[in-house]
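There are 2 protein chains.
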Amino acid sequence: MTKEQILEFIAEQKTAFISSVDRQGYPVTRAMLAPRIIEGNDIYFSTNTSSNKVKQYTENNKACVYFYKRGKFKYQGVCITGEMQVCCDQATKDKIWRFGDKLFYKQGVTDPDYCVLKFTCKSAEYYCDFKTEKIDF
Amino acid sequence: MTKEQILEFIAEQKTAFISSVDRQGYPVTRAMLAPRIIEGNDIYFSTNTSSNKVKQYTENNKACVYFYKRGKFKYQGVCITGEMQVCCDQATKDKIWRFGDKLFYKQGVTDPDYCVLKFTCKSAEYYCDFKTEKIDF
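In order, the protein sequence lines correspond to chains A and B.
Each residue of the first sequence is one higher than the last, beginning at 15 in this note's numbering.
Each residue of the second sequence is one higher than the last, beginning at 15 in this note's numbering.
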């Protein structure tokens, strides 16, 4: 798999699993909606500024994002490690805002509880049919 | 949610997502088949002794397991943090072995590449309908 193929694969998945490391050093994982934008080595998600993951990434930006696809005869998974940046600046918030987001953020695109998680890929581990492959970004 | 309800919820899911922390301090996540046994506060998985996760858990036993269910109108997710123990002793290997495992471990239940991951739950974060709840084990 090339870096481009990995990004294509993740662009097709509907759910992302993002992990952080908490203050006590434990990993913490949660499902997220698919990324809003994938651009170069960066993957953008929208989230609540008040969420635990924002607190955790503010203190420790080490992160991974995981995607998988379970077919009838084939299982594929990719875990990308890298850094997660919490973006509260208006330009980034504008960049990934969608009309329907008003349902979740009453004040719209300037809602202080709406912010962006920008993940920068460093390296990936791709798993398919009992084989693991490492890809650098 | 009580601790019992959390354990019931995870027993119904077909996929588990388990995370470790690597040597550089990055979280690493991968999908696993559903746990083999859930017993008290312990969750058992089978795996390959030669896998990266075994290496990572041997060096750092801090772990989380994540389960989720995406319904039409309801999304539920639970992340349990705790410690992961790598068990290579025959008694534990016997405990969770199933006949069909011979497909993956040619030497059967004593195959040195077959081992058990025993996760001990410490605390959980349950997410449903935009609300988060903390549960201690």
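Backbone N, C-alpha and C define an ideal beta-carbon position, used for all residues, glycine too.
Bridge-paired residues (DSSP) for residue i
i         : result
Asp139(B) : According to the sequence displayed, residue 139(B) carries Glu and not Asp. Beta-bridge pairing links Glu139(B) to Cys93(B) and Lys148(B).
Arg84(A)  : Tyr89(A)
Gln99(A)  : Lys132(A)
Leu47(B)  : Thr29(B)
Pro41(B)  : Val35(B)
Asp56(B)  : Glu53(B) and Thr134(B)
Asn62(B)  : Tyr128(B)
Ala77(B)  : Gly96(B)
Residue i versus the options, residue with shortest Cα-Cα distance
i         : options                                       : result
Val201(A) : Asp125(A), Glu18(A), Lys136(A) and Phe144(A)  : Residue 201(A) lies beyond the range of chain A shown here (15 to 151); nothing can be said about it.
Ala48(A)  : Gly39(A), Leu21(A) and Gln70(A)               : Leu21(A)
Asn66(B)  : Cys93(A), Lys67(A) and Tyr58(A)               : Cys93(A)
Asp108(A) : Leu131(A), Phe87(A) and Met98(A)              : Leu131(A)
Tyr141(A) : Lys17(A), Val42(A) and Tyr82(A)               : Tyr82(A)
Val68(A)  : Ala25(A), Pro41(A), Tyr40(A) and Cys101(A)    : Cys101(A)
Gln99(B)  : Gln90(B), Ala105(B), Asn75(B) and Gly122(B)   : Asn75(B)
Asp127(A) : Ala25(A), Ser64(A) and Gln38(A)               : Ser64(A)
Gly96(A)  : Thr29(A), Arg84(A) and Ala77(A)               : Ala77(A)
Ser27(B)  : Ile149(B), Arg84(B), Lys148(B) and Met15(B)   : It is Gln, not Ser, that sits at residue 27(B) in the sequence shown. For the residues Ile149(B), Arg84(B), Lys148(B) and Met15(B), the minimum Cα distance to Gln27(B) belongs to Arg84(B).
Thr72(B)  : Asp150(B), Thr146(B), Glu147(B) and Cys129(B) : Cys129(B)
Gly54(B)  : Thr106(B), Ile149(B) and Lys17(B)             : Lys17(B)
Whole-number beta carbon distance between residue j and residue i, since they are thought to touch under 8 angstroms
i         : j         : result
Asp56(B)  : Thr134(B) : 5 angstroms
Asp143(B) : Lys88(B)  : 7 angstroms
Gln70(A)  : Val42(A)  : 6 angstroms
Ala138(B) : Gly91(A)  : Not quite, the Cβ-Cβ distance comes to about 23 angstroms (not below 8 angstroms), so this is no contact.
Ile24(B)  : Ile52(B)  : 7 angstroms
How do the stretch 30-43 of chain B and the stretch 109-118 of chain A stand: do at least 3 beta-carbon pairs fall below 8 angstroms, yes or no?
The answer is no - the stretch 109-118 of chain A does not touch the stretch 30-43 of chain B, with fewer than three Cβ pairs under 8 angstroms.
Pairing CB atoms from the stretch 96-116 of chain A with CB atoms from the stretch 53-65 of chain A, are three or more of them under 8 angstroms?
The stretch 96-116 of chain A makes contact with the stretch 53-65 of chain A, as at least three CB pairs between them are under 8 angstroms.
Any C-beta of chain B within less than 7 angstroms: which residues of the stretch 75-92 of chain A qualify?
The stretch 75-92 of chain A vs chain B, Cβ under 7 angstroms: Lys76, Ala77, Cys78, Tyr80, Tyr82 and Gly91.
Any residues in the stretch 30-42 of chain B with a beta carbon nearer than 9 angstroms to a beta carbon of chain A? Which ones, in chain order?
Hits within the stretch, in order: Phe31, Ile32, Ser33, Ser34, Val35, Asp36, Gln38, Gly39, Tyr40, Pro41 and Val42.
Using a beta-carbon distance cut-off of less than 7 angstroms, what residues from the stretch 92-103 of chain A approach chain B?
Residues passing the 7 angstroms Cβ filter: Cys93 and Thr95.
For the stretch 41-64 of chain B, which residues have a beta carbon sitting closer than 8 angstroms to at least one beta carbon of chain A?
For the stretch 41-64 of chain B, which is checked against every Cβ of chain A, the residues closer than 8 angstroms are Pro41, Val42, Thr43, Arg44 and Ala45.
Mind checking the stretch 118-129 of chain B against chain A and listing, in chain order, the residues whose C-beta falls within less than 7 angstroms of any C-beta there?
Residues passing the 7 angstroms Cβ filter: none.
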